[in-house]
Amino acid sequence: MKKFKAQTELKPTKRPKGKRHIQRDPGTAHTPITLQRNKMERPAWLDQEPPKGYVAGVGRGATGFSTRGDKSKNKDRNNNGTGTRVPVRQHTDSSDENSAAFADAAEAQRVFSLIDAKRNGQGKAADKPGPTADKPGQFAALKRDLETVSAQQWLSLPAASDMTRRNKRLRLEEQLNRKTYAAPDSLAGGTLGGDGASARVDLARLTADREKLLQKSLDAARPLAAEPVENPSAPVETQNPDGEETARQRVLLRSYRRADPRNANAWLAAAQLEERCGRGSAARRLLAEACAHNPHSAELWLESVRVHALGPENDGKSVVAAALRFLPRSEALWLRAAELEARPADQYRVVRRALERVPESERLWELAVALEGSGPGRARVLAKALEFVPRSFALWRTLAEAQMLEGDCAGARQTLNRARKALSGDASASASASASALPRVWVLALRVEERADPNVPLERLCKMLRKGLAQCDNAVSFDGLLEIAREVEGAEPPSPRAVEAVAAVAVERAGKLAAEPSAVDSQPASLTKLFCLKHAALATPHRLSLWVALRGVCEKLGRMDALYASFDTVLFASGQALPPALAKLALVYAKVVWQHDGDVGGALRIVDRALALDPLGEHSSVLLAAKVKLLGQAGEYDAIGELFREHEGAVRSSPSLLYKQVNYLRFRGDTQPALDLLQQCIGAFPNDHKFRLQLAQLHESEGELQQAHDALSQGIKALQGKSGDASALALLYTERARLEEVPMGKPTRARATLDLALAHLSNGPGDTDAFVALTVARARLEVRAGNDAQARLLVDQALQQAGCAGSAALWAERLALLPPTARGASARKTAFRDALRATQSSAPVLLAVGRSLYADAQYAAAAKWCERAARAEPLLGDAWVWWARAESALGAAGGDPAGLARVQTGVAEAEPVHGAEWTRVSKAPATQYLAPGHILQRALSVPTA
């Protein structure tokens with residue numbers, strides 16, 4: 001052995017340059033091995049034969065096994081198959097010389113193999129005996145067998161993490177099972193020990209906490225249990241993607257059932273979970289087991305009946321029969337049993353059997369009455385039912401309604417008297433039930449009275465109801481009375497007077513609350529809502545919002561006669577002169593008749609009736625102005641002149657009527673009478689700027705430009721220095737600048753006029769509006785002169801002034817002055833957003849956005865923005881004009897033709913009064929009496945700038 005170790009010992013020697021020497025012991029017969037490193041020589045290992053079992057690519061990780069070959073082959077020569085080493089002296093070889101020749105070479109190869117194995121970290125693996133199978137061959141065979149694997153088998157292979165999750169679930173389940181086992185109280189007390197209060201366990205609290213946790217699980221499962229399962233036959237994983245959560249819920253509910261099998265909630269939650277996951281059979285099994293543990297739980301039986309009725313066998317009847325053997329007095333089970341029967345005769349049989357067991361059930365008696373039908377048998381069933389359930393208002397009402405339908409109103413009165421005694425005589429009954437039933441009995445009495453006399457006075461019914469509510473201690477609220485009124489409205493036979501009486505008393509009792517339309521705005525259009533608004537409007541006729549809401553409900557229900565009757569009652573029933581507030585209401589009445597019915601004559605008659613009550617009153621000028629407008633709409637122009645002559649005294653004292661008279665004279669072409677009248681008006685009202693403007697317009701229409709300029713200059717001098725006239729003064733300056741710029745052809749003088757006006761402004765009240773109007777006029781003058789940059793600078797400077805940052809007119813002008821191609825669409829959107837934010841989406845800014853989109857041929861978007869402007873401010877006529885333009889462009893491009901019709905309908909209802917393009921037509925002498933629809937058509941015919 002020592003000789004062997006000496007022979008295999010390595011001794012390093014000095015390395016010559018370019019060579020590597022490994023020198024053995026001098027006693028060996030072999031020469032040292034020298035490896036030449038020459039880049040130009042071919043490596044010797046390329047000419048060697050590959051070892052047995054070599055697989056190409058194994059070194060690149062193609063097989064996943066070791067790249068050093070099978071080390072077990074070297075061990076076959078040194079062991080005897082039993083894992084023990086065989087000494088060299090016991091080797092059997094036929095040729096000792098051959099063995100001696102190759103012994104040293106084999107030993108050297110073994111040593112180098114050990115060194116390489118240790119460098120690669122395989123020393124321990126090489127020392128352990130292992131199987132001697134041909135691993136590369138086995139891998140090749142397995143690789144060939146993969147051809148027989150199908151796609152389904154490949155997809156069914158488990159994921160690498162399934163085993164880990166399964167073990168984790170098993171551990172959690174084991175922990176839960178250990179923690180939720182039930183134990184007797186004696187065991188808990190013996191385990192805790194001690195006699196102090198701190199050593200005791202509050203078992204009631206523990207049970208309450210457990211019930212709370214279970215209730216949360218039920219609340220989460222019940223809403224989902226009612227949802228239909230898309231595929232009942234699919235597994236749980238397909239119905240609920242979170243399979244782990246479902247399994248966790250099953251484990252939790254199973255632990256609750258084991259801890260307390262008589263807890264119905266645990267069984268219900270488990271069954272609903274299975275039903276939600278599409279496992280109907282499992283749900284039915286759970287409910288069957290639950291009913292076996294809790295045979296006296298009606299809730300469990302009802303759920304079991306429902307689930308079994310939905311199953312393939314449809315055995316709900318058998319389940320409910322089994323349930324009734326344990327709970328023969330359960331009202332819910334008997335009702336469910338009746339529902340499961342398909343034929344009315346079978347239902348009636350079940351109900352008769354149920355009443356034998358539960359004769360005091362109100363719902364069962366109601367079902368029996370409903371199944372009985374009409375005839376004498378129905379009355380007998382009702383009489384019998386009231387013997388057992390005398391405090392059922394529903395049964396008393398059914399009996400009284402049956403008697404009313406038969407015409408026996410006297411019998412119905414007797415029935416209601418008995419009902420009042422029965423519902424109020426039992427002191428043991430709940431006060432809340434009596435408080436809700438007795439008012440309904442009194443309302444039912446109103447219906448009986450109306451049935452007996454359809455023309456019964458409304459005040460008589462209201463008096464009866466007030467008396468009945470007083471006996472009920474006035475315990476019914478406003479909403480409660482409205483609910484009763486809606487019930488009466490839907491009952492048979494119909495009783496509209498009773499509904500109105502209930503609504504009138506409700507409004508009377510509610511006081512100011514009922515005078516607000518918001519109190520009934522949430523209700524749908526109905527007679528109840530109509531009568532509530534009607535009596536609220538009658539109580540507070542000066543609230544125009546109530547009349548507007550009442551008109552909307554009457555139009556939806558087709559009951560305009562009720563609206564007209566209410567107007568007549570308020571305005572003309574007393575026969576006295578109308579106060580100023582009601583004079584406006586008369587105008588609303590006339591407008592409704594004119595617009596809804598198209599009856600101009602009827603509207604004129606309403607105005608005449610109002611004028612007849614007080615022809616010289618304060619409101620006579622308002623009524624006369626409305627009559628002038630109606631006569632102009634009707635085309636009766638001679639009647640307008642006759643009206644001015646007939647009411648000359650009232651006209652002379654009213655500047656608004658004088659203004660209309662001058663316009664009428666200009667319409668008829670009477671220029672000189674109009675000039676004479678204007679001189680008289682200016683003398684009587686020197687501070688009224690409208691007459692100055694009319695005089696200038698009249699001279700301009702006659703071609704007398706200098707006289708028109710002088711009239712405006714005189715008006716400016718008359719108004720200068722007067723407080724509160726800044727807006728009127730700005731209007732006169734603006735009109736004079738327009739006259740100087742266009743007709744007279746002096747733009748420089750017009751610019752100087754506007755600059756002078758801006759310089760004369762002070763900081764008094766109303767100066768901000770005047771400053772804005774003058775700035776807009778100045779900017780538009782620069783635009784007409786071609787100085788767009790100067791116009792934008794003026795507007796931007798004005799927006800920086802105090803009080804002008806939120807001016808809608810300035811922002812609208814700024815949007816109109818945006819260059820169409822400057823800085824792209826994003827900059828324009830930013831400007832739109834800034835303007836809308838600064839003005840809180842005011843109508844002029846909305847209109848400016850719509851006009852900008854219209855200029856870009858975006859007609860659909862323009863129509864939406866213009867519609868928003870028209871809805872935000874219906875009196876802005878320009879919004880309606882541009883909305884109509886956009887809808888016309890859309891119709892021409894194949895859009896919706898109904899859009900323009902909506903504009904026509906809306907403008908007729910709104911009757912706009914201001915806006916530059918609108919007033920250009922509506923204030924013109926020749927077109928001043930046109931209807932709003934015709935004014936819109938004229939404005940559309942004018943080309944856009």
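For the sequence shown, the UniProt record's numbering assigns the number 1 to the initial residue and increments by one for each residue that follows. Positions of the beta carbon are idealized from the N, C-alpha and C atoms, including for glycine.
CB of residue i within 8 Å of CB of residue j, strictly
| i | j | result |
| --- | --- | --- |
| G915 | D856 | no |
| L623 | L611 | yes |
| A501 | L461 | yes |
| V881 | A939 | yes |
| L732 | L754 | no |
| V456 | R420 | no |
| L544 | V499 | no |
| R814 | L846 | no |
| A908 | Q707 | no |
| A860 | L900 | no |
| L739 | E700 | yes |
| A808 | P844 | yes |
| L756 | R778 | no |
| A773 | W811 | no |
| A650 | S621 | yes |
| E173 | V251 | yes |
| A422 | R391 | yes |
Separation of residue j from residue i, as counted between CA atoms
| i | j | result |
| --- | --- | --- |
| I935 | E782 | 30 Å |
| N417 | R397 | 12 Å |
| A770 | A728 | 8 Å |
| L836 | L876 | 17 Å |
| S432 | A536 | Confidence at S432 is low in this model, with a pLDDT of 48, below 50, so its placement is unreliable and the value that follows should be read with caution. So the alpha carbons of these two residues sit roughly 29 Å apart. |
| A565 | P494 | 21 Å |
| E508 | L465 | 12 Å |
| A863 | V942 | 19 Å |
| G243 | Q272 | 16 Å |
| A400 | C409 | 8 Å |
| S156 | P261 | 38 Å |
| R169 | V369 | 58 Å |
| L930 | Y659 | 18 Å |
| residue 1029 | V607 | There is no way to answer for residue 1029, as the model of the chain reaches only from 1 to 945. |
| T919 | V570 | 35 Å |
| S436 | R851 | 60 Å |
| K52 | A140 | 14 Å |
| D767 | L481 | 54 Å |
| D25 | D104 | Note on D25: pLDDT 45, under 50, position unreliable in the model; no value is reported. |
| T246 | E299 | 24 Å |
| D479 | F393 | 20 Å |
| F667 | Q661 | 10 Å |
| L693 | N787 | 29 Å |
| L268 | A383 | 41 Å |
Member of the options whose CA lies at the smallest distance from the CA of residue i
| i | options | result |
| --- | --- | --- |
| S842 | A862, R828 and E873 | E873 |
| R165 | R248, L799, T148 and L657 | R248 |
| A539 | V505, M560 and G552 | V505 |
| P454 | M404, G468 and Q414 | M404 |
| Q414 | E449, E360 and V381 | E449 |
| A385 | S374, V358 and G375 | V358 |
| R266 | L695, A283 and G278 | In the sequence as presented, Arg is not what sits at residue 266; that position holds Ala. Ranking L695, A283 and G278 by Cα distance to A266 puts A283 first. |
| R902 | S922, A634, A892 and G933 | G933 |
| K529 | L546, R257 and P541 | L546 |
Three or more C-beta pairs below 8 Å linking the stretch 468 to 475 and the stretch 517 to 537: no
Three CB pairs or more closer than 8 Å across the stretch 328 to 345 and the stretch 307 to 320: yes
4-residue-minimum alpha helix (DSSP H) runs that sit fully inside the stretch 439 to 471, ordered along the chain: 458 to 471
Three-pair Cβ contact test at 8 Å for the stretch 339 to 352 versus the stretch 364 to 372: yes
contact_flag[the stretch 544 to 559, the stretch 571 to 579] where n(CB pairs < 8 Å) is 3 or more: no
Unbroken stretches of the alpha helix (DSSP H), 4 residues or longer, contained in the stretch 839 to 863: 843 to 855
Those runs of the alpha helix (DSSP H) which lie wholly inside the stretch 249 to 298 and span at least 4 residues: 264 to 276 and 280 to 293
Runs of alpha helix (DSSP H) lying entirely within the stretch 889 to 944, each at least 4 residues, in chain order: 898 to 910, 916 to 922 and 932 to 941
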